[in-house]
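Residues in the sequence shown are numbered from 108 upward in steps of one, following my numbering. Beta carbons are placed, not taken as given, at the ideal position from N, Cα and C, and that holds for glycine.
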Amino acid sequence: MRYATEQDLSAIVDIYNAAVPSRTATADLEPIEFESKRAWFNSHSPENYPLLVHEIDGKVAAWIGLQSFHGRPVYRYTAEVSLYIAPEHQGKGLGRLLMEAILEEAERTGLKNLTAYIFSHNERSLNLFRYFGFEEWGFLPNVTEMDSIEHSVTILGKRIQP
108 MRYATEQDLS AIVDIYNAAV PSRTATADLE PIEFESKRAW FNSHSPENYP LLVHEIDGKV
168 AAWIGLQSFH GRPVYRYTAE VSLYIAPEHQ GKGLGRLLME AILEEAERTG LKNLTAYIFS
228 HNERSLNLFR YFGFEEWGFL PNVTEMDSIE HSVTILGKRI QP
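Here it is, written out as structure tokens:
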């Protein structure tokens, strides 16, 4: 596990785009362009909002990052977690490794709360976050529509520092 570098951005985008057809992990309906993630990537830093990658055989297989929960200053101690694993590496325990690492990073950076917005039909992700002590902090019924089907979003949260 290591901090992502700009050279990893292409692999990060590829892994993200691989999740689009599943309709379980991202709100994008079409693959995104590499350049559209550059500003997002640049908003991460080890000091502020870490972005980590996990490599297998020298290739990025998964990534996890923290990002601003809300752009205003009063929310500075709360971050949102994003986690994506390449399809060929799912189900191998990488999610747990990534979560352990990002929880350590969150504590190190002084964050107090973590949130995750997860489609309510994505049981695998919900179970992973719950395993790490995330609790339901909110529920947004039928707020998304993908392929003419409405889906709900579960908001999970975890207090990591008093």
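Strand pairing of isoleucine 163, partner residues [DSSP]:
Here residue 163 is taken as the residue at index 56 of the sequence shown, counted from 1. Lys166.
Expressed to the nearest angstrom, what Euclidean distance is found between the alpha-carbon atoms of phenylalanine 141 and alanine 125?
Start at 1 with the first residue of the sequence shown, and residue 141 comes out as number 34. Start at 1 with the first residue of the sequence shown, and residue 125 comes out as number 18. Going from the Cα of phenylalanine 141 to the Cα of alanine 125 covers about 13 Å.
Give the secondary structure of serine 259 by DSSP, where H, G and I count as helix, E and B as strand, and everything else as coil.
Indexing the sequence shown from 1 puts residue 259 at position 152. Reduced to three states, the DSSP call for serine 259 is strand.
Is it true that the region 199 to 208 meets the region 111 to 123, where meeting means three or more beta-carbon pairs spaced less than 8 Å apart?
no
Answer yes if the region 153 to 160 comes into contact with the region 197 to 204, meaning at least three C-beta pairs across the two stretches below 8 Å, and no otherwise.
By the Cβ criterion, the region 197 to 204 is not in contact with the region 153 to 160, since fewer than three pairs of Cβ atoms, one from each stretch, lie closer than 8 Å.
Count the other C-beta atoms from every protein chain shown that fall within 10 angstroms of the C-beta of alanine 186, then say buried if there are 16 or more, exposed otherwise.
In the sequence shown, residue 186 corresponds to position 79, counting from 1. Flag for alanine 186 reads buried.
What does DSSP give as the partner residues of phenylalanine 246 in its beta bridges?
Mapped onto the sequence shown, residue 246 falls at position 139. Note: phenylalanine 246 sits in a beta bridge opposite Thr261.
Taking just the CA atoms, how far does leucine 235 sit from isoleucine 119?
What you label residue 119 is simply residue 12 of the sequence shown in a count that begins at 1. What you label residue 235 is simply residue 128 of the sequence shown in a count that begins at 1. Roughly 20 Å separates the two Cα atoms.
If I'm right that arginine 183 touches asparagine 220 with Cβ under 8 Å, what's the distance once you round it to whole angstroms?
By 1-based counting over the sequence shown, the position of residue 183 is 76. By 1-based counting over the sequence shown, the position of residue 220 is 113. The pair is not a contact, with the Cβ atoms about 11 Å apart (cut-off 8 Å).
Please list, in chain order, all residues of the same chain as glutamate 137 whose beta carbon is under 8 Å from its beta carbon, the five residues on each side excluded.
Against the sequence shown, residue 137 aligns to sequence position 30. For glutamate 137, where only same-chain residues beyond five positions count, the Cβ hits under 8 Å are Val127.
For the region 149 to 234, list the beta strand (DSSP E) runs that are entirely contained and at least 3 residues long, ordered along the chain.
158 to 163, 166 to 175, 185 to 192 and 220 to 226
Contact set for tryptophan 147: own chain, Cβ-Cβ below 7 Å, skip 5 residues either direction:
For this step, residue 147 is matched to residue 40 along the sequence shown. So no residue of the chain qualifies.
Give the secondary structure of arginine 109 by DSSP, where H, G and I count as helix, E and B as strand, and everything else as coil.
In the sequence shown, residue 109 corresponds to position 2, counting from 1. Strand at arginine 109.
Identify whether glutamate 140 lies in helix, strand or coil by the three-state DSSP scheme.
The sequence position of residue 140 within the sequence shown is 33, counting from 1. In this structure, DSSP gives glutamate 140 a state outside helix and strand, which the three-state scheme calls coil.
Minimum C-alpha distance to valine 188 - residue among Gly178, Leu173 and Glu195
The residue you call residue 188 lines up with position 81 of the sequence shown. Out of Gly178, Leu173 and Glu195, Leu173 has the C-alpha closest to the C-alpha of valine 188.
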